[in-house]
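Structure record follows, encoded as structure tokens.
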Amino acid sequence: MASLQLEIVTPDQLLLSKEVDYVGAPGLEGEFGVLPGHIPFISALAIGGLYYKADGKTRFVFVSGGFAEISDDKVTVLAESAEEAENIDFARAEHARKRAEQRLAEKAADLNQGRALASLTRASIRLSLRGRS
Ligand code: ATP
């Protein structure tokens with residue numbers, strides 16, 4: 001069966017390089033799916049859960065924005081940060097969510113609301129991937 005090469009790259013590392021059957025990615029304009037033979041395509045990514053199907057299993061990866069490029073049966077994801085669901089530190093994400101919620105509730109004069117909201121979104125999406133490895 002034809003397959004796709006999925007690569008997920010962050011500023012720190014090559015997180016994943018794997019032959020997969022399908023990729024579902026959180027595009028800025030909504031989720032999009034990639035099967036082998038997809039036309040060349042570039043999309044900005046939202047903060048969200050990317051998933052792929054390989055070896056009869058579906059696996060989830062947190063991605064925090066960036067871009068995906070699809071070309072020649074290869075999906076390259078350049079993400080600001082990314083973690084495979086089984087490697088997410090949920091206690092850390094819980095702390096990050098509480099910290100962001102507190103900042104937004106306190107409304108301090110120097111609050112950077114956009115930054116606090118983005119942090120809250122990252123933490124909430126990480127927490128939504130609990131149990132989805
Ligand atoms: P925090 O406030 O806990 O640092 P954050 O959303 O600001 O969270 P990011 O800027 O997205 O963190 O990521 C910084 C680095 O830490 C990246 O390498 C990312 O993969 C890693 N990271 C952040 N949160 C987690 C987590 N809950 N589990 C595993 N790795 C994480």
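Every letter in the sequence shown is one number past the one before it in the numbering used here, and letter 75, counting from 1, is 75.
Using N, Cα and C, we set each Cβ at its ideal position, and we do this for glycine too.
Source: prediction; values computed, not measured.
Exercise for the section: Indicate, with yes or no, if the ligand ATP has a heavy atom lying under 8 Å from the CB of Asp144. Expected result: The first residue shown for the chain is 1 and the last is 133, placing residue 144 beyond what the model contains.
Practice task
Report yes or no: do the stretch 26-43 and the stretch 92-109 share at least 3 C-beta pairs separated by less than 8 Å?
Solution key: no
Exercise for the section: For the beta strand (DSSP E) containing Gly114, list its first residue and its last residue. Expected result: Taken as a continuous stretch (DSSP letters only), Gly114 belongs to no beta strand (DSSP E), being part of the alpha helix (DSSP H) at Gln113 to Ser128.
Handout entry: Ile88 Cβ short of 8 Å to the ligand SAH heavy atom set
Key = Among the ligands in the structure shown, the ligand SAH does not appear; only the ligand ATP can be found there.
Practice task
Closer than 7 Å by C-beta to Gly140: which residues in its own chain qualify, once you throw out the five before and the five after it? Chain order, please.
Solution key: Residue 140 falls outside the range modelled here, since the chain spans only 1 to 133, and no answer is possible.
Exercise for the section: Tell me, please, whether the stretch 113-127 touches the stretch 88-100 by the rule of three or more beta-carbon pairs shorter than 8 Å. Expected result: yes
Handout entry: Cut-off 6 Å between Cβ atoms - residues of its own chain near Thr58, not counting five sequence neighbours on either side
Key = Tyr51
Problem - Counted within 10 angstroms of its Cβ, other Cβ atoms place Leu35 as buried (16 or more) or exposed - result: exposed
Practice task
Please state if the CB of Leu45 and the CB of Val77 are separated by a distance shorter than 9 Å.
Solution key: yes
Handout entry: Bridge-paired residues (DSSP) for Thr58
Key = Lys53
Practice task
Starting from the Cα of Val20, find the closest Cα among Leu120, Gly37 and Ala109 and give me that residue.
Solution key: Gly37
Handout entry: Identity of the residue in Arg122, Arg115 and Val75 nearest Glu83 by Cα
Key = Arg122
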